[in-house]
Amino acid sequence: MSAVNVQHQSLEFQAMLQYLDGIKHMDIDKLLPIITDDFTHHFQPRSLGIRSINGKAAFRKYIESMAYLLPHVEVTIHEHIEAPGKLFMHATSKSTSRTGLPYANECCLIMHFIALDGGPLKISLIREFVDSKFNAHFFEEEREKRKALRGERKVDVEARL
């Protein structure tokens, strides 16, 4: 994510940048304070079969599993559109999985924000439209690569016996 002067940006845009900074480092301690307790994250299209994330505890588990897979994610915002309490963003994200597989996703996010008890804006809902073809291929290839690596470790252990 490139540096952006947040002084002249909306509160929604600033909250989105905080979220992306947390995603970049897969830092749950940066992410939890900016989402609501009843936060929901839907992955679209539904035909991919990716389960929604409901609540902070589920979000924590999701980020921990993603951090294991992709420890660092670079996000580039290509366009964003704002309305009070909402933000639409077209972005790309790049990373390398721990197995060495390149990750390059294109996505659109619709983010909803609310201010609780006059506090700062928090994200209450994200609808993330992902690159269906890329994600289906990436996660299948990643599973196969992990299976192969587990198989190699078994062979290495057996060879030492």
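Sequential numbering of the sequence shown, starting at 117, is according to the numbering used here.
Backbone N, C-alpha and C fix where the C-beta goes; we use that ideal spot for every residue, glycine too.
First and last residue of the beta strand (DSSP E) that includes His141?
Counting along the chain, His141 falls outside any beta strand (DSSP E), though it belongs to the alpha helix (DSSP H) covering 127 to 141.
Between which two residues does the alpha helix (DSSP H) carrying Ser181 extend?
172 to 185
If you draw a straight line from the C-alpha of Ser118 to the C-alpha of Val191, how long is it?
Any reading at Ser118 needs caution, since the residue's pLDDT is 46, under 50, leaving its predicted position unreliable; the model's value is listed next. For Ser118 and Val191, the distance between alpha carbons rounds to 8 Å.
Which class does Phe233 belong to by DSSP, given the choice of helix, strand or coil?
According to the sequence as given, residue 233 is Asp; it is not Phe. Looking at Asp233 - three-state DSSP - the assignment turns out to be coil, as it is neither helix nor strand.
Going by DSSP, what residue range makes up the alpha helix (DSSP H) through Asp153?
Premise fails: Asp153 lies in the beta strand (DSSP E), 151 to 160, not in any alpha helix (DSSP H).
Nonlocal neighbours in the same chain, by C-beta distance under 6 Å from Ile144, ignoring five residues either side:
Arg176, Ile179
Taking 6 Å as the limit between beta carbons, can you name the residues of its chain near His195, skipping five residues before and five after?
Residue identity differs from the one stated: residue 195 is Glu in this sequence, not His. So the list reads His206, once near-sequence residues are dropped.
Opening and closing residue of the alpha helix (DSSP H) in which Ile197 lies
Segment 190 to 199 is the beta strand (DSSP E) holding Ile197; no alpha helix (DSSP H) there.
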